[in-house]
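J.: Sharing a structure below in C-alpha cells format, with a few things to ask.
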Amino acid sequence: MDEEAVVCYCGLCCLDCHGHTQKIPDLAKDLRKELRNVHYDKFAKTISELPFGGAFKNYQECYDALGLMMKFRCTKGCRNGGGPPFCKIRKCCQDKGYQGCWECEIYETCENHDFLRANHGEAHKKNLALLKKNGIKKFVHGKRYW
13 MDEEAVVCYC
23 GLCCLDCHGH
33 TQKIPDLAKD
43 LRKELRNVHY
53 DKFAKTISEL
63 PFGGAFKNYQ
73 ECYDALGLMM
83 KFRCTKGCRN
93 GGGPPFCKIR
103 KCCQDKGYQG
113 CWECEIYETC
123 ENHDFLRANH
133 GEAHKKNLAL
143 LKKNGIKKFV
153 HGKRYW
C-alpha cells in the first residue's frame, strides 16, 4: 500500500495495527496448532479438577478466543475496503471529500471518534494534529500513536 493508503481517515495508521501486521493472528494460529499437537485440552481437563487448576475449566473459551484472533487480519486498510464496514468516520470523510479528519474543523470534538477511545485513548487525536501540521508523508515516517 502507498503512504496515503496506510493512513486511516481517523488518524490511526495501518502500519501500527495488529490486524495489518498480522503478528497477533499468526501467533494465535501457531499457539492453537501447538496446543492441538500436545493434546493440551486433555491436560487442561485434568488440571482443572485439581484445587489450583480451576482456571483451566475455561480452556475451551481460551482456545476459541485464539481462533477469533486468527481471523482478525486486514490487508486492505480502510481506504481500500478493509477495516470496520460500519465506520462512521470513513463515511463522513468520503461524503465531505476529505482525505481524513485532520481536514475537518471539528475533529477535536467530533462524536464519530468516541468509539476509538476504548482502545486508543487519545492516540487518534494526537495523530490528527500531527497530520494537520506535517502532512501524510512526515506522519507515516515519523512518530505515531496507537
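Here this note's numbering is used: the first residue of the sequence shown is 13, the next is one more, and so on. Heads up, the beta-carbon is just placed ideally off N, CA and C, and yes, glycines get one too.
#1: State the Cα-Cα distance for the pair Asp53 and Glu46, rounded to the nearest angstrom.
#2: From Pro97 to Arg91, what does the alpha carbon distance come to, in whole angstroms?
#3: Sorted by chain position, which residues of the same chain lie with C-beta nearer than 8 Å to Pro37's C-beta, five sequence neighbours on each side aside?
#4: Just mark His136 as buried or exposed, buried being the case when its beta carbon has 16 or more other beta carbons within 10 Å.
#5: Taking C-beta to C-beta, are Asp28 and Arg129 nearer than 8 Å?
#6: Taking 6 Å as the limit between beta carbons, can you name the residues of its chain near Ile101, skipping five residues before and five after?
#7: So, does the segment 48-62 touch the segment 106-113, judging by three or more C-beta pairs under 8 Å?
#8: Which of helix, strand or coil does DSSP assign to Val50?
#9: Starting from Tyr21, trace the alpha helix (DSSP H) in both directions and tell me its first and last residue.
#10: Kindly indicate the opening and closing residues of the alpha helix (DSSP H) around Lys108.
#11: Figure out for me which residue from Leu62, Gly147, Gly154, Gly95 has the closest Cα to the Cα of Cys26.
#12: Start and end of the alpha helix (DSSP H) containing His125?
#13: On the criterion of 16 or more Cβ atoms from any shown chain inside 10 Å, does Val19 qualify as buried, or is it exposed?
#14: At which residues does the alpha helix (DSSP H) containing Asp28 begin and terminate?
#15: What does a CB cutoff of less than 7 Å around Gly79 pick up in its chain, not counting 5 residues either side in sequence?
T.: On the basis of the data shown:
#1: The residue given as residue 53 occupies position 41 in the sequence shown. The residue given as residue 46 occupies position 34 in the sequence shown. The alpha-carbon atoms of Asp53 and Glu46 are separated by roughly 11 Å.
#2: If you number the sequence shown from 1, residue 97 lands on position 85. If you number the sequence shown from 1, residue 91 lands on position 79. Taking the straight line joining both Cα atoms gives about 11 Å.
#3: If you number the sequence shown from 1, residue 37 lands on position 25. Excluding residues within five positions, the ones whose Cβ falls inside 8 Å are His30, Gly31, Met81, Met82, Lys83, Phe84, Arg85.
#4: On the sequence shown, residue 136 is found 124 positions in, with the first residue counted as 1. So His136 counts as buried.
#5: As a first step, residue 28 must be located in the sequence shown, where it is residue number 16. As a first step, residue 129 must be located in the sequence shown, where it is residue number 117. No. Outside cutoff.
#6: Against the sequence shown, residue 101 aligns to sequence position 89. Counting only Cβ-Cβ distances below 6 Å, and skipping sequence neighbours, we find Tyr21, Cys22, Asn124.
#7: no
#8: The residue given as residue 50 occupies position 38 in the sequence shown. In this structure, Val50 counts as coil in the three-state DSSP scheme.
#9: On the sequence shown, residue 21 is found 9 positions in, with the first residue counted as 1. Per DSSP, Tyr21 belongs to no alpha helix (DSSP H) and is neither H nor E.
#10: In the sequence shown, the residue the question calls residue 108 occupies position 96. Run containing Lys108: 100-108, per the alpha helix (DSSP H) assignment.
#11: Reading the sequence shown from its first residue, position 14 is the one you call residue 26. Ranked by how close their Cα comes to the Cα of Cys26, the residues Leu62, Gly147, Gly154, Gly95 have Gly95 in first place.
#12: What you label residue 125 is simply residue 113 of the sequence shown in a count that begins at 1. Segment: none, His125 is in no alpha helix (DSSP H) and carries neither H nor E.
#13: For this step, residue 19 is matched to residue 7 along the sequence shown. When all chains shown are included, Val19 counts as buried.
#14: By 1-based counting over the sequence shown, the position of residue 28 is 16. Element bounds for Asp28: n/a, residue is neither H nor E.
#15: Here residue 79 corresponds to residue number 67 of the sequence shown, with the count starting at 1. Arg44, listed in sequence order.
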